[in-house]
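Under my numbering, the sequence shown is numbered contiguously, ending at residue 1344.
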Amino acid sequence: MEQMSRNLAFQLKKIRQQRSLSLDDVAKATGVSKAQLAQIEKGESNPTVSTIWKIAAGLRISFSSLLQPPTAHFMKFSSKDAPHVDEDEGRYRVYSIIPYDPERGWEFYKVEMEPGACSRSDAHTEGVEETVTVIQGQAIISAGEMHEQLVEGETLVFSGHQVHEYKNTSQELTILHLILQYK
């Protein structure tokens, strides 16, 4: 019973925080008092099955999800193992490091550009935002009327729903980190 109370405490607090809900908000949604919810979150209460059902129904989640133990969740990725595509005769390489996940809403790439490499991309759908950070070297990023030169350590965020271009005008390898955020 103690383990179930700890699991319930952890899951309720996690869900409430993920949704930016106060105890008052959860109390209104579930019909369970704020005081009882606070006790449940502290692991100081052994709620009835009926109370757990009220919480689950009010939060629109499954009963069993409230009873699951916390999981140590992590993922490790390496560009060495990442699939990649080349263009500009192999001088522009894109490595898919963290693939798109609808829950996350973004994907992460490593881009390597040899001296003189250039890549032109068609417009993405409305709401796509690109975040580019220069890890090594420098690059010129163009999108619409914008033409920005970035050097190591600089980051540019821009709307990807327009034709855009990445260009390495330097004499050294440029490495970029790129996040595509889908809204």
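Where is the CB? At the ideal position from N, CA and C, for every residue including glycine.
Annotated three-state conformation of F1319 is strand, per DSSP. For the 8 Å CB-CB criterion, Y1261 and A1243 do not form a contact. Fewer than three Cβ pairs drawn from the stretch 1304-1323 and the stretch 1227-1237 lie within less than 8 Å of each other, which leaves the two stretches out of contact. Look at R1167 here: in three-state DSSP terms it is helix. In the three-state DSSP reduction, V1324 falls in the coil class, being neither helix nor strand. E1202: member of the alpha helix (DSSP H) spanning 1195-1203, first to last residue. Apart from sequence neighbours up to five positions away, the residues of its chain that approach S1240 with a beta-carbon distance below 7 Å are Y1256, I1258, K1271, ordered along the chain.
Counting along the chain, the unbroken alpha helix (DSSP H) around T1212 starts and ends at 1210-1220.
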